[in-house]
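Peer 1:
Residue numbers (this note's numbering): 45 to 295.
#1: First and last residue of the alpha helix (DSSP H) that includes residue 128?
#2: Counting Cβ pairs closer than 8 Å, one from the stretch 221-233 and one from the stretch 250-260, do we hit at least three?
#3: Thinking C-alpha only, which one of 171, 88, 268 is nearest residue 72?
#4: Who are the near neighbours of residue 67 in its chain, counting only those whose CB is closer than 8 Å to its CB and skipping five residues on each side?
#5: Can you tell me the Cβ-Cβ gap for residue 129 and residue 205, rounded? I've got them flagged as a contact below 8 Å.
#6: For residue 49, which three-state DSSP category applies?
#7: Under DSSP, the alpha helix (DSSP H) around residue 269 begins and ends at which residues?
#8: Can you name the residues that DSSP bridges to residue 78?
#9: Could you give the distance in angstroms between the alpha-carbon of residue 47 and the alpha-carbon of residue 53?
#10: Roughly how far, in whole angstroms, is the beta-carbon of residue 105 from the beta-carbon of residue 117, given that I think they are within contact range, below 8 Å?
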């Protein structure tokens, strides 16, 4: 009975996502943002709707989603974002496929609600949000250079983490830094307005913390887990300036 219910639920979710993909691709909706929210997903749903989708999106197209296989690849709309929540205190699914196109955020259920910045310049039209999104690494480097030009060693923490990982012979460092730079580039709008804080320096510090904790550390999870020296060296490097990154190390 449980297996039957899970199969029916997967079919229902798949059909809803296919309908949303079709709607997002409609020319009249090109400037609108579509968000699919899957709450309290199971490990199976994490695999089917996130890991497998992320793996396929390396080529910006889908051959399957959920329980549906396509006869030919279909493109994935750039204005559609997939969000899921999972109730677990011990997340153990740090696979390369999932992490290639997914950001993971740990949320503590402690009754405290994070205050969101509410200001006039934070309310952008959906079309402006889509125009501000960057996926290309060269474009990401250009925006970060433009935003941070004139600041003294603004990316020093990121470069310190890269150097430390290099000292411990961690592979694929250039790719990891590229991912972090794409994350950083999307922390400002095209007009240079910070998304986390109106103060440029604070926005940079928060963005670096998120970039390191979400775009770098999860991708070297096994190396950190198996090397106490690397873990302690990262902790010293990140110190208390980067609470999200140090929290990841504490896990």
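Ideal Cβ placement from N, Cα and C applies to all residues, glycine included. These figures come from a predicted structure and were not determined experimentally.
Peer 2: Let me lay it out:
#1: No alpha helix (DSSP H) contains residue 128, which is instead part of the beta strand (DSSP E) from 124-128.
#2: yes
#3: 171
#4: 73, 78
#5: Not really, about 28 Å apart at Cβ, beyond 8 Å.
#6: helix
#7: 265-269
#8: 124
#9: 10 Å
#10: 4 Å
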